[in-house]
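Okay, so here's the structure we're looking at.
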């Protein structure tokens with residue numbers, strides 16, 4: 534069995550888009566999000582408004598991404614990974630919308646750090662057996 538930490542982030546993003554394909558086929562806008570920990574995609578999904586209201590009327594979206602648009606979106610999402618620098622924990626959000634038959638994508642990358650981990654890694658005492666170093 535393959536472990537997720539053995540699969541590149543690029544391949545994981547590709548897998549996410551294949552998993553979300555049917556759902557994206559019913560949407561014309563929204564945000565695909567990926568939560569990342571240790572360069573591994575954990576939780577992922579789509580945020581969207583499935584019902585739009587205008588003039589007091591609620592209507593469901595009529596069309597979503599076709600196969601060509603979905604493939605273009607997937608390729609742009611993978612290409613955006615080139616701009617991810619150094620961090621291993623965070624979230625990537627891909628905001629998308631159909632405009633005149635073309636899919637438009639904005640990628641937002643958010644890095645997350647944990648102060649407790651930083652303090653433990655950098656400032657832990659050499660002698661971990663004692664809580665207080667200089668007790669007489």
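Residue numbers (my numbering): 534 to 669. Quick reminder that beta carbons are idealized off the backbone N, C-alpha and C, glycines included. Computed from a predicted model, the values in this text were never measured in an experiment.
DSSP three-state assignment for residue i, whether helix, strand or coil
i: residue 618; result: coil
i: residue 639; result: strand
i: residue 551; result: helix
i: residue 590; result: strand
i: residue 627; result: strand
i: residue 560; result: coil
i: residue 602; result: helix
i: residue 579; result: strand
i: residue 611; result: helix
i: residue 545; result: helix
i: residue 568; result: strand
Nearest neighbour of residue i, chosen from the options [CA to CA]
i: residue 620; options: 642, 579 and 648; result: 642
i: residue 644; options: 622, 651, 609 and 652; result: 622
i: residue 582; options: 648, 631, 563 and 554; result: 563
i: residue 602; options: 549, 568, 633 and 573; result: 633
i: residue 561; options: 647, 649 and 638; result: 638
i: residue 569; options: 636, 625, 650 and 647; result: 625
i: residue 636; options: 600, 543, 541 and 575; result: 600
i: residue 627; options: 542, 615, 571 and 580; result: 580
i: residue 572; options: 543, 630, 651 and 653; result: 543
Own chain residues within Cβ distance below 7 Å of residue i, not counting five before or after
i: residue 578; result: 566
i: residue 617; result: 642
i: residue 549; result: 567, 574 and 577
Same chain, Cβ closer than 6 Å to residue i, neighbours up to 5 away in sequence not counted
i: residue 675; result: With the chain covering 534 to 669 only, the question about residue 675 has no answer from this structure.
i: residue 546; result: 610 and 611
i: residue 522; result: As shown, the chain starts at 534 and ends at 669. That puts residue 522 outside it, with no answer to give.
Any non-hydrogen atom of the ligand PLP closer than 7 Å to residue i Cβ
i: residue 648; result: Because no ligand of any kind appears in the structure shown, any question about the ligand PLP cannot be addressed here.
Count Cβ pairs between the region 602-618 and the region 554-573 that sit closer than 8 Å; are there 3 or more? yes
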